[in-house]
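Colleague: Starting off with a structure, shown below.
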Amino acid sequence: MARLAGGAFRAVGTISVALGCPFEGAVPEARVVEDARRFAGLGVSRIALGDTVGAGTPPAVRSLVAALRAAVPDAVLIAHFHDSRGTGLANTLAAVEAGVTHLDSALGGTGGHPAGIAYGEGFTGNTCTEDLVAALHAMGHETGLDTGRVLAAGREAERMLGRPLGSRVLRMGNA
């Protein structure tokens with residue numbers, strides 16, 4: 001696939017339930033590593049790690065990232081975590097501390113939940129962008145984003161959707 005693209009685009013391989021599956025439960029780290037190696041073997045250089053149901057914990061994230069760094073050292077890892085159990089931000093920051101530089105998030109913590117009617121009723125969306133940017137800046141990481149503008153975008157998202165969203169920083173202010 002990557003070879004056929006001829007450099008016209010970058011393929012991203014996504015491992016959707018890297019930290020827990022709603023049907024099978026715990027996902028062995030070795031299975032995720034095997035999937036990542038398969039992607040790398042196909043020429044896919046970007047691998048997204050999805051915590052689709054928010055089952056991950058910071059120690060599990062750090063362990064998985066370390067295993068993937070050893071197995072596919074040239075791959076760009078992307079953290080795509082849901083906040084279903086309130087650990088999305090902590091897990092994303094754990095990924096950053098483990099060396100992940102590409103992060104997915106959503107304004108106000110919105111974001112779909114696949115097959116929500118089948119298993120995800122009541123689950124929240126993705127890691128909240130406003131909270132993530134504020135936390136990264138507080139930790140000394142440069143994001144290239146202006147916190148004030150991100151917060152303004154979060155307020156606009158709330159206005160457009162007609163309801164409060166999940167940003168804690170938007171509610172309490174940026175320290």
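Going left to right, the sequence shown walks through residues 1 to 175 as UniProt numbering numbers them.
Quick reminder that beta carbons are idealized off the backbone N, C-alpha and C, glycines included.
Quick one: give me the first and last residue of the alpha helix (DSSP H) that G41 is part of.
Modeller: Counting along the chain, the alpha helix (DSSP H) containing G41 begins and ends at E29 to G41.
Colleague: Assign A70 to buried or exposed, taking buried as 16 or more other Cβ atoms, counted over all protein chains shown, within 10 Å of its Cβ.
Modeller: Per the 10 Å Cβ criterion, exposed.
Colleague: Have a look at A60 and L19 and give me their C-alpha separation to the nearest angstrom.
Modeller: Distance between the alpha carbons of A60 and L19 is about 7 Å.
Colleague: If you follow the alpha helix (DSSP H) that H137 is in, where does it begin and where does it stop?
Modeller: It spans T129 to A138 - the alpha helix (DSSP H) in which H137 sits, taken as one unbroken run.
Colleague: Per DSSP, which residues does H82 bridge with? Please list them.
Modeller: Per DSSP, N126.
Colleague: Note down, in chain order, each residue of its chain lying with its Cβ closer than 8 Å to the Cβ of D74, except the 5 sequence neighbours on either side.
Modeller: Excluding sequence neighbours, D74 sits near A40 and S45.
Colleague: Can you tell me where the alpha helix (DSSP H) with G88 in it begins and where it stops?
Modeller: Here the alpha helix (DSSP H) through G88 covers G88 to E97.
Colleague: In this structure, how does DSSP classify G25 when only helix, strand and coil are distinguished?
Modeller: Reduced to three states, the DSSP call for G25 is strand.
Colleague: Counting along the chain, where does the alpha helix (DSSP H) carrying L68 start and finish?
Modeller: Its alpha helix (DSSP H) spans residues P58 to A71.
Colleague: Are F81 and T127 close, meaning C-beta to C-beta below 9 Å?
Modeller: Taking 9 Å as the Cβ cut-off, F81 and T127 qualify as a contacting pair.
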